[in-house]
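Reviewing the structure listed below.
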Amino acid sequence: MAVTNLDGEYDLILYGLGVMGENFIRNFARNGYRVIGVNRTVAVTEKFAAQVAEEDIARQVGTAETLVEACQHLKSPGGAVLAMIKANDPVIEPWGGIDDLFFRGSIARYGEQEQKDVPPLVDLVPEGTVIIDAANSHPRSTRQRCAEFARRNILFIGTGVSGGSEGALKGPCIMPGGSKEAYAPVSQMLESAAAQVDGSCCTYIGDNEAGHFVKNVHNGIEYGIMQAIAEAYYALAHLLDLAPADIQPIFAEMTAGRHGGYLMEISTLILGMVDSESGKPMLDVILDRAGQKGTGKWTSQIAFDLGVPVPTVAAALQARIMSAYKPEREAAAQKLAGRLAGRFAAEDRERLIEATADALYGTMVAAYAQGFWLMREASLADPEDSNGSYDFTLQLDEIARIWKGGCIIRSQLLDPIREAHQEDPDLHNIMLAPQFSRTLEDEQFQTNWRWWVRTMAGLGLPRDAMGASLLFFDTYRTARLPANMIQAQRDCFGEHGFERVDKDGKGFHLSPAG
Ligand code: NDP
23 MAVTNLDGEY
33 DLILYGLGVM
43 GENFIRNFAR
53 NGYRVIGVNR
63 TVAVTEKFAA
73 QVAEEDIARQ
83 VGTAETLVEA
93 CQHLKSPGGA
103 VLAMIKANDP
113 VIEPWGGIDD
123 LFFRGSIARY
133 GEQEQKDVPP
143 LVDLVPEGTV
153 IIDAANSHPR
163 STRQRCAEFA
173 RRNILFIGTG
183 VSGGSEGALK
193 GPCIMPGGSK
203 EAYAPVSQML
213 ESAAAQVDGS
223 CCTYIGDNEA
233 GHFVKNVHNG
243 IEYGIMQAIA
253 EAYYALAHLL
263 DLAPADIQPI
273 FAEMTAGRHG
283 GYLMEISTLI
293 LGMVDSESGK
303 PMLDVILDRA
313 GQKGTGKWTS
323 QIAFDLGVPV
333 PTVAAALQAR
343 IMSAYKPERE
353 AAAQKLAGRL
363 AGRFAAEDRE
373 RLIEATADAL
383 YGTMVAAYAQ
393 GFWLMREASL
403 ADPEDSNGSY
413 DFTLQLDEIA
423 RIWKGGCIIR
433 SQLLDPIREA
443 HQEDPDLHNI
453 MLAPQFSRTL
463 EDEQFQTNWR
473 WWVRTMAGLG
483 LPRDAMGASL
493 LFFDTYRTAR
503 LPANMIQAQR
513 DCFGEHGFER
523 VDKDGKGFHL
533 SPAG
């Protein structure tokens, strides 16, 4: 079958036929748009062309061997090109494949051969085209790209997309950032392709890198919640000696209540899965080594730059990093005995189930609290400040609304988060809102969460996200922390000066006699 199969004019070129790109094409086509699929490795385009020819959207979808042919069939004006390819880490690789595609010239792969001289998109697209980067790009890269496109007078959108391959097909959450002028021509297309829950789960997020910033924060929250769910499963499995299938009804009950959301739903499903090869529970045959593509790390780095505490996200990231050291952990397990202080009594069974639910809920609240705090600080940051500052204002209640559908962190918590921000647009931390403070202050709830973390610590079991979140809650509500000693130490060795509780000003020093 010929790879290039084009007929007339198309609304959109989608470059990058990975799991996301392929399904996004089907989604746009079902919404009435004509789309051309193109991919760096031409064999992938060929395979996609054969598949799509058998589908009901065949007339809406074309394929092209290279971007040169695709651009010749793009609607003008009003066409768009959406790139959905692997993002680069700007720390490791300041300019990545996306920049080659946009500005420097891309390649087409034919088996072992490469055609190296495909011109950059900026030289191929008709005037008035909107170029969209829908990869999980680092906000810093998107800021650079915004500036470069603006310099060339080309309309550009950097958008976050969440929902995995199924979301891309049925309706993801879409978080577009860039100029309003660039968003206007593609708004209808993106908003109709998004999930529809309480309106479209796509809304204009803000200037420049706002869309990718919000997507990064989304992924940071995702890291925290995923880790917390994993710890809940682990505690129940290890302390109650339960098989995954026995934990499934406990998870199902939580999912039906205030813990409900996509990540809980899939985790409940996973608990019931059986490996067809071995007949064992699926979870029992999966290696305990988690991968990552960088967005959790970036969220933590961005938070450090902005000076916002995100301990749940950072703990989840570090838990994944530690998990990667599998052989080393196995060796250490043989050599380092834990002096375990706790015990787990059979009569604590019901208590553990209840406490796991409370610790998990508290951790979910903490993960969202950190994400929304981070987005608030980014909105307030001085754009002139070179240390991780952002030139956009985020509408936090609207972000809570669009996260309700299509995305990976959609959950029951987003309605009260949205409500809390609507009631108090200046809300500093969702833990302070009555929607959450009522639960967090409840004596039984707190006792349960503390007991859960204490039990895990006593027995030497994983508690990364649940423990970090409890600490976040405790330090946030502590009026006087031990930082007075830190101030004194800094002044002692570096004459950094300190502030006093009884006088204004910063430059006080330890007195030698003192
Ligand atoms: P991958 O992240 O696995 O990326 C594969 C695609 O990227 C292929 O089409 C590949 O082309 C292309 N690609 C990689 N490097 C280059 C390059 N230098 N030049 C041109 N093309 C390149 O695919 P996914 O579909 O999973 O994700 C696509 C994007 O969407 C990523 O940025 C990802 O982070 C983001 N995303 C993914 C989600 C998911 O659940 N998978 C969810 C939300 C966003 P080739 O076939 O030639 O190798």
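So in our numbering, the last spot in the sequence shown is 536, and the numbers never skip. Where is the CB? At the ideal position from N, CA and C, for every residue including glycine.
* Asked: Can you tell me the Cα-Cα spacing of F46 and I269, whole angstroms?
  -> Along the sequence shown, one-based indexing puts residue 46 at 24. Along the sequence shown, one-based indexing puts residue 269 at 247. Rounded to whole angstroms, F46 to I269 spans 35 Å at the Cα level.
**Message:** From the DSSP secondary-structure annotation, give me the bridge partner or partners of S459.
**Reply:** Here residue 459 corresponds to residue number 437 of the sequence shown, with the count starting at 1. None, per the DSSP bridge assignment.
With distances taken Cα to Cα, identify the nearest neighbour of D229 among L382, E149, S401 and A381. Translated into the one-based positions of the sequence shown, residue 229 becomes position 207. Residue S401 is the option with its Cα nearest to D229.
| For the ligand NDP, any of its heavy atoms closer than 8 Å to the Cβ of G84? | Within the sequence shown, residue 84 is the residue found at index 62, counting from 1. Not under cutoff, so the answer is no.
**Item:** Residue environment, L435, which counts as buried when at least 16 other CB atoms sit within 10 Å
**Value:** Locating residue 435 in the sequence shown gives position 413, where the first residue counts as 1. Under this definition L435 is a buried residue.
*Look up R131 in the DSSP assignment and say whether it is helix, strand or coil.*
On the sequence shown, position 109 is the one that residue 131 refers to. If DSSP states are grouped into helix, strand and coil, R131 belongs with the strands.
**Q.** Reduced DSSP category for D370 - H, G, I as helix; E, B as strand; rest coil
**A.** Within the sequence shown, the letter at position 348 stands for residue 370. Three-state DSSP puts D370 in a helix.
task: Taking A510 as part of the alpha helix (DSSP H), name the residues at either end of that continuous run.
output: On the sequence shown, residue 510 is found 488 positions in, with the first residue counted as 1. Residues A505 to G516.
TODO: Please find out if some non-hydrogen atom of the ligand NDP comes closer than 8 Å to the beta-carbon of G119.
DONE: Here residue 119 corresponds to residue number 97 of the sequence shown, with the count starting at 1. Within the cutoff, so yes.
Since R56 and Q82 should fall inside the 8 Å C-beta cutoff, what is the C-beta to C-beta distance between them, to a whole number of angstroms?
Against the sequence shown, residue 56 aligns to sequence position 34. Against the sequence shown, residue 82 aligns to sequence position 60. Right, their Cβ atoms sit about 5 Å apart.
| said: Residues in the same chain with beta-carbon distance under 7 Å from G540, minus the five sequence neighbours each way, listed in chain order, please. | reply: For residue 540 there is no data in the structure shown, the boundaries of the chain being 23 and 536.
Just to check my reading of the structure: M211 and D33 have Cβ atoms closer than 8 Å, yes? What is that Cβ distance to the nearest angstrom? Position 189 of the sequence shown holds residue 211. Position 11 of the sequence shown holds residue 33. Correct: roughly 7 Å between the Cβ atoms.
Q | Sheet register partners of Q218 (DSSP bridge) | A | Numbered from 1 along the sequence shown, position 196 holds the residue referred to as residue 218. For Q218, which the question treats as bridged, DSSP gives the partners S222.
Can you have a look at N238 and say buried or exposed, based on whether 16 or more other CB atoms are within 10 angstroms of its CB? By 1-based counting over the sequence shown, the position of residue 238 is 216. Classification of N238: buried, given that the 10 Å Cβ count is 16 or more.
(request) Count the CB pairs spanning the stretch 481–491 and the stretch 329–337 that are closer than 8 Å, and state whether there are at least three. (result) yes
Spell out the partners DSSP gives N27 in its beta bridges.
Within the sequence shown, the letter at position 5 stands for residue 27. Note: N27 sits in a beta bridge opposite T85.
Margin query: Please state the DSSP three-state secondary structure of E136.
Written below: What you label residue 136 is simply residue 114 of the sequence shown in a count that begins at 1. Residue state, collapsed to three classes: strand.
At a threshold of 8 Å, does S159 count as lining the ligand SAM (C-beta to nearest heavy atom)? With respect to small molecules bound, the structure shown includes the ligand NDP and not the ligand SAM.
Is it buried or exposed for K319, if we count other Cβ within 10 angstroms and need 16 for buried?
Here residue 319 is taken as the residue at index 297 of the sequence shown, counted from 1. Counting Cβ neighbours within 10 Å, K319 comes out buried, since at least 16 surround it.
Does at least one heavy atom of the ligand NDP sit under 8 Å from the Cβ of A216?
One-based indexing of the sequence shown puts residue 216 at position 194. No, the ligand NDP has no heavy atom inside 8 Å of this Cβ.
Tell me which residues share the same chain as F520 and place their Cβ nearer than 6 Å to its Cβ, disregarding the 5 neighbours each side in the sequence.
Here residue 520 refers to the residue found at position 498 when the sequence shown is read from its first residue. Contacts found: Q509, D513 and F530.
Three-pair Cβ contact test at 8 Å for the stretch 219–233 versus the stretch 194–204: yes
Please go through the same chain and pick out, in chain order, the residues whose beta-carbon is closer than 8 Å to the beta-carbon of L309, but skip the five residues on each side of it.
By one-based count along the sequence shown, residue 309 stands at place 287. Correct list, in chain order: K348.
- Item | Nearest to A217 (by Cα), restricted to the options L191, Y226, H240 and N241 | The count along the sequence shown starts at 1 and reaches residue 217 at position 195. The shortest C-alpha separation from A217 is found at L191.
CB-CB under 6 Å to R126, same chain, minus the five flanking residues each way: which ones, in chain order? One-based indexing of the sequence shown puts residue 126 at position 104. Excluding positions up to five away in sequence, the list reads P142.
In its own chain, which residues sit with a C-beta less than 6 Å from the C-beta of A325, not counting the 5 before and 5 after it?
Within the sequence shown, residue 325 is the residue found at index 303, counting from 1. So the qualifying residues of the chain are V332 and L396.
Exercise. In three-state DSSP terms, what is C93?
Worked result: By one-based count along the sequence shown, residue 93 stands at place 71. Residue state, collapsed to three classes: helix.
Considering just the uninterrupted stretch of the beta strand (DSSP E) at P198, what are its terminal residues? Residue numbering aside, residue 198 sits at position 176 when the sequence shown is read from its first letter. It spans C195 to G200 - the beta strand (DSSP E) in which P198 sits, taken as one unbroken run.
Is T469 helix, strand or coil when you go by DSSP? Translated into positions along the sequence shown, residue 469 becomes position 447. Of the three classes helix, strand and coil, the one that applies to T469 here is helix, per DSSP.
Where the alpha helix (DSSP H) containing I343 begins and where it ends:
The residue labelled residue 343 in the question sits at position 321 within the sequence shown. Taken as a continuous stretch (DSSP letters only), the alpha helix (DSSP H) holding I343 covers P333 to S345.
Have a look at the DSSP bridge pairing and note the partners of G228.
Here residue 228 refers to the residue found at position 206 when the sequence shown is read from its first residue. G228 is bridged to G199.
Beta carbon of S163 nearer than 9 Å to that of A204
On the sequence shown, residue 163 is found 141 positions in, with the first residue counted as 1. On the sequence shown, residue 204 is found 182 positions in, with the first residue counted as 1. Not a contact, by the Cβ cut-off of 9 Å.
Going by DSSP in three states, D526 sits in which element: helix, strand or coil? Taking the sequence shown and counting its residues from 1, the one referred to as residue 526 is at position 504. Coil at D526, not helix or strand.
Notebook entry, point to check: What do you get for L503, buried or exposed, if any count of 16 or more other CB atoms within 10 angstroms of its CB means buried?
Noted result: If you number the sequence shown from 1, residue 503 lands on position 481. Exposed, by the Cβ-count rule.
Query raised in the report: In terms of residue numbering, what span does the beta strand (DSSP E) encompassing S184 cover?
Result: Here residue 184 is taken as the residue at index 162 of the sequence shown, counted from 1. L177 to S184 is the extent of the beta strand (DSSP E) around S184.
field: Any non-hydrogen atom of the ligand NDP within 8 Å of A312 CB
entry: The residue labelled residue 312 in the question sits at position 290 within the sequence shown. For the ligand NDP, not one heavy atom lies less than 8 Å from the Cβ of A312.
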